[in-house]
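Each protein sequence line maps, in turn, to chains A and B. Mapping of the first sequence onto numbering that gives the first Met the number 0: position 67 corresponds to residue 66, and the numbering continues sequentially without gaps. Mapping of the second sequence onto numbering that gives the first Met the number 0: position 45 corresponds to residue 44, and the numbering continues sequentially without gaps. For glycine and all other residues, C-beta sits at the position ideal for the given N, C-alpha and C. Right, one structure below, let's go through it.
Protein chains: 2
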Amino acid sequence: MNAVGSVAAACTTVSFVPQLMRVWQRKSPRDISLSMFLLFSFGVACWLVYGVGIRSGPVIAANAITLLLALAILALKVRYDRRS
Amino acid sequence: MNAVGSVAAACTTVSFVPQLMRVWQRKSPRDISLSMFLLFSFGVACWLVYGVGIRSGPVIAANAITLLLALAILALKVRYDRRS
Chain A
0 MNAVGSVAAA CTTVSFVPQL MRVWQRKSPR DISLSMFLLF SFGVACWLVY
50 GVGIRSGPVI AANAITLLLA LAILALKVRY DRRS
Chain B
0 MNAVGSVAAA CTTVSFVPQL MRVWQRKSPR DISLSMFLLF SFGVACWLVY
50 GVGIRSGPVI AANAITLLLA LAILALKVRY DRRS
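Below, the structure is given as structure tokens:
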């Protein structure tokens with residue numbers, strides 16, 4: 000079961016890379032929901048606090064990376080929305 | 000710590016609702032990455048299997064709802080991309 004959990008964590012974390020690339024390349028994030036990425040980033044930050052609280056290395060690592068990716072998408076969304 | 004975990008699960012799950020609403024209303028999912036939602040849905044499905052494996056009700060519930068929302072966004076993405 001730990002292998003399934005590792006695959007799950009890897010996929011849900013890495014999945015934000017193509018979204019970040021797409022926003023970066025197209026410079027058009029209008030179809031992306033600001034509310035989604037605000038709420039999602041807050042949720043992932045809570046997962047990070049939870050991981051620290053239960054001292055789980057995998058939970059900390061997966062959520063730290065996901066948080067960085069989600070915040071990067073959020074930053075590009077705000078930046079490009081202001082321009083247009 | 001369980002409270003933090005619950006808030007985290009609620010936020011990361013509910014965050015997909017505004018994204019689904021946005022795609023549904025605008026009927027324009029071009030800025031959304033297909034790769035992201037394919038990989039993310041597969042990852043969440045793995046989390047679901049993991050939750051069943053470790054018999055964790057909260058992991059099963061949160062990921063079942065997230066999977067439905069992610070698949071709905073994916074279905075709309077494919078549908079509207081074909082039209083345009």
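- A direct Cα-Cα distance of roughly 34 Å separates residue 31 (chain A) from residue 54 (chain B).
- The C-beta of residue 38 (chain A) comes closer than 9 Å to at least one C-beta of chain B.
- Residue 12 (chain B) and residue 72 (chain A) have their C-alpha atoms roughly 18 Å apart.
- By the Cβ-count criterion, residue 22 (chain A) is buried, with 16 or more other Cβ atoms from all chains shown falling within 10 Å of its own Cβ.
- Against chain B, the CB of residue 83 (chain A) has no partner CB under 9 Å away; the residue lies outside that interface.
- Interface flag for residue 59 (chain B) against chain A is unset, since no Cβ pair is found closer than 9 Å.
- The residue among B:61, B:20, B:44 with its C-alpha nearest the C-alpha of residue 76 (chain B) is B:20.
- At a Cβ-Cβ threshold of 9 Å, residue 18 (chain A) and residue 83 (chain B) do not count as neighbours.
- In this structure, the CA atom of residue 38 (chain B) is about 6 Å from the CA atom of residue 10 (chain A).
- Within 10 angstroms of the beta-carbon of residue 56 (chain B) lie fewer than 16 other beta-carbons, which makes it exposed.
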